[in-house]
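Participant:
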Amino acid sequence: MASTQGAAERAQVLVASNRGPVSYTVDDSGSLHARRGGGGLVSGLSAIGPDADSLWVCAALGDGDREAVRRAGGGLLPGEDAGGQRVRMLDIEAQVHSDAYNGIANSVLWFVHHMLYQTPLEPVFDAGFRRQWAAYEAYNRAFAEALAEEAAEQAAVLVQDYHLCLVPGMLRELRPDLRIGHFSHTPWAPPEYFRLLPDDIAAALLNGILGADRAAFLTRRWADAFTACCTAVLGPGSLPGTAIGVHGLGADADFLRKRAHEPDVDERMAALREEIGEGRRTVVRVDRTELSKNIVRGLLAYRQLLEEHPEWRERVVHLAFAYPSRQDLAVYRDYTAAVERVAEEINSAFGTAGWTPVVLHVKDDFARSLAAYRLADVALVNPIRDGMNLVAKEVPVVSDQGCALVLSREAGAYEELRAHAFVVNPYDVLETARALHEALSLPPEERADRTKRLAAAATALPPAQWFLDQLQALRDLQSS
Ligand code: F6P
61 MASTQGAAER AQVLVASNRG PVSYTVDDSG SLHARRGGGG LVSGLSAIGP
111 DADSLWVCAA LGDGDREAVR RAGGGLLPGE DAGGQRVRML DIEAQVHSDA
161 YNGIANSVLW FVHHMLYQTP LEPVFDAGFR RQWAAYEAYN RAFAEALAEE
211 AAEQAAVLVQ DYHLCLVPGM LRELRPDLRI GHFSHTPWAP PEYFRLLPDD
261 IAAALLNGIL GADRAAFLTR RWADAFTACC TAVLGPGSLP GTAIGVHGLG
311 ADADFLRKRA HEPDVDERMA ALREEIGEGR RTVVRVDRTE LSKNIVRGLL
361 AYRQLLEEHP EWRERVVHLA FAYPSRQDLA VYRDYTAAVE RVAEEINSAF
411 GTAGWTPVVL HVKDDFARSL AAYRLADVAL VNPIRDGMNL VAKEVPVVSD
461 QGCALVLSRE AGAYEELRAH AFVVNPYDVL ETARALHEAL SLPPEERADR
511 TKRLAAAATA LPPAQWFLDQ LQALRDLQSS
């Protein structure tokens, strides 16, 4: 692979992630259209400014991305496509990418860290799994080689997530001079669950991350689980060269408050008010339809609420936004179908001519999500397990009248928000129904007070600061 830069132009700060800050589609006339993404890394890299000499290395995810790489001569994408951010997109062979991303990252590592397997029948680590693992290694190697080529002497490299666990170790071998950080955006599995993985694979994943100078997590709980796995799999004393950090990504209050009052959000609010009907309370949830989000049990809890408390019938509407995610995987498609089926069952069991108990939307619309946040009386965030869950942090910042939060104790956000939320065991549908009732019944003054406290805790570490803290911690480590 040829470097896209001469030695003098190599980057001082590099970010590596599977999904980059821009994606492309090709229209019927063959024109390319770039679409920018958001999130903590985008805010962080813009905060360090154009002089910081940064580069984002990501993978081409679809045909549009591959065409963009081809037109860019295999190197850097046009600067304006990613808002001035320098991006190198890697055109990794489609089958290798699919085996690494769908096969290993999303069907194995995601399942392990979120503890999603139905263990009597799965996982099965067979020859097919080993073939996909070889692809995961090749895909990680492509990132490590690109980073090694693009990084200036002693540059800082921030590697993201479970897709790229092997990169720090591979990069360390290629470029021992670099300062390497790894950040996990997911939970980390406890040792007894992590050890479902074949022993050599478990060791390779841990050793890969331990190639970094610093491994960081969203909460202390996930960091402790990682170190416990290192001890269980690699033995005591396996961590000495790697510092462990915790950075609890918070909501971007300035951006959200401004964006939530733009005209398209007002339009969506008017449409939602029509769907809700006059004078009704709202229970709001907004998720990517991932198996870990627990949307079906959320609906069952809402159903239980309507059964146990008939006084809420006609007086509350559940706005449930379940946006598509990872639709290449059958198990995700089936889960989406289950969400739709249960929502329909509730509507046909309880609905009346003038009242639809569940308003379900499955088409991604950020403006509509913000409109729902503004209208929320209660936010329902009940994941089985979640690295952080930013929705729990965003709704209290945006809601117009203040909202109560029903929060799973298995979400990372629980560590920061627990004192002001209605905390539930995500598997306990009866407890969740009770929490919904209490949250809906909260007197307005107490609701306002809780919302203020939730918003303060939720915005304590805004995305730009979250990123800068990690960069600083990595630099401090090397200079100490
Ligand atoms: O939400 C957790 C997370 O791991 C994010 O860090 C990451 O951006 C995302 O999931 C990956 O999702 P996708 O498969 O859609 O790229």
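With this note's numbering applied, the sequence shown covers 61 to 540. Even for Gly, the Cβ is constructed at its ideal location relative to N, Cα and C. The model shown is predicted, which means the values in this text are computed figures rather than measured ones.
Mind checking who leucine 467 pairs with in its DSSP beta bridge?
Facilitator: Bridge partners of leucine 467: Val441, Val483.
Participant: When the Cα atoms are used, what is the spatial distance from histidine 321 to alanine 436?
Facilitator: Taking the straight line joining both Cα atoms gives about 15 Å.
Participant: Start and end of the beta strand (DSSP E) containing threonine 349?
Facilitator: From DSSP, threonine 349 is part of no beta strand (DSSP E); its letter is neither H nor E.
Participant: Assuming phenylalanine 243 and leucine 218 make a contact with CB atoms under 8 Å, what is their CB distance in whole Å?
Facilitator: With 8 Å as the limit, phenylalanine 243 and leucine 218 qualify as a contact, their Cβ atoms being about 7 Å apart.
Participant: I'd like the list of long-range same chain contacts for alanine 204, defined as Cβ closer than 7 Å, with 5 residues on each side in sequence excluded.
Facilitator: If we look at alanine 204 and ignore the five residues flanking it on each side, its Cβ neighbours are Val227, Met230, Leu231, Leu234.
Participant: Heavy atom of the ligand F6P less than 6 Å from the Cβ of threonine 519, yes or no?
Facilitator: False, no ligand heavy atom lies under 6 Å from that Cβ.
Participant: Based on the DSSP output, what are the partners of serine 298 in its beta bridges?
Facilitator: Answer is none; serine 298 lacks a bridge partner.
Participant: Which value, in whole angstroms, describes the spacing of the CA atoms of asparagine 485 and isoleucine 444?
Facilitator: Approximately 8 Å between the Cα atoms of the pair.
Participant: Per DSSP, which one or two residues make a beta bridge with histidine 242?
Facilitator: DSSP output for histidine 242 lists Val219, Ala275 as bridge partner(s).
Participant: Can you tell me which of the three DSSP states valine 325 falls into?
Facilitator: Helix.
Participant: Quick check on the burial criterion: 16 or more other C-beta atoms within 10 angstroms. Buried or exposed for glycine 18?
Facilitator: Nothing can be reported for residue 18: it is not among the residues displayed for the chain, which extend from 61 to 540.
Participant: In chain order, what residues of the same chain lie with their CB nearer than 7 Å to the CB of proline 288, ignoring the 5 residues before and after it?
Facilitator: Proline is not the amino acid found at residue 288; the sequence shown has alanine there. Closer than 7 Å at the Cβ level, and outside the excluded window around alanine 288, lie Pro250, Pro251.
Participant: Quick check on the DSSP output: what are the complete beta strand (DSSP E) runs of length 3 or more inside the stretch 111-192, in order along the chain?
Facilitator: For the stretch 111-192, whole beta strand (DSSP E) runs of length 3 or above, ordered along the chain, are 114-119, 147-150.
Participant: Is it a yes or a no for the stretch 280-298 touching the stretch 453-468, going by three-plus beta-carbon pairs under 8 Å?
Facilitator: Result no; under three Cβ-Cβ pairs closer than 8 Å.
Participant: Going by alpha carbons, who is nearest to alanine 142 out of Leu105, Phe254, Trp248, Gly462?
Facilitator: Answer by Cα proximity: Leu105.
Participant: Quick one, which of Leu270, Arg375, Leu440, Ala216 has its alpha-carbon nearest leucine 531's?
Facilitator: It is Ala216.
Participant: From Leu270, Glu182, Val377, pick the residue whose C-alpha is nearest to that of glycine 584; which is it?
Facilitator: Nothing in the structure corresponds to residue 584, since the chain is present only between 61 and 540.
Participant: Output the residue ranges of the beta strand (DSSP E) runs that lie fully inside the stretch 471-524 and measure 3 residues or longer, sorted by chain position.
Facilitator: Fully enclosed beta strand (DSSP E) runs of 3 or longer: 482-484.
Participant: For asparagine 442 versus threonine 511, is the C-beta distance shorter than 7 Å?
Facilitator: No.
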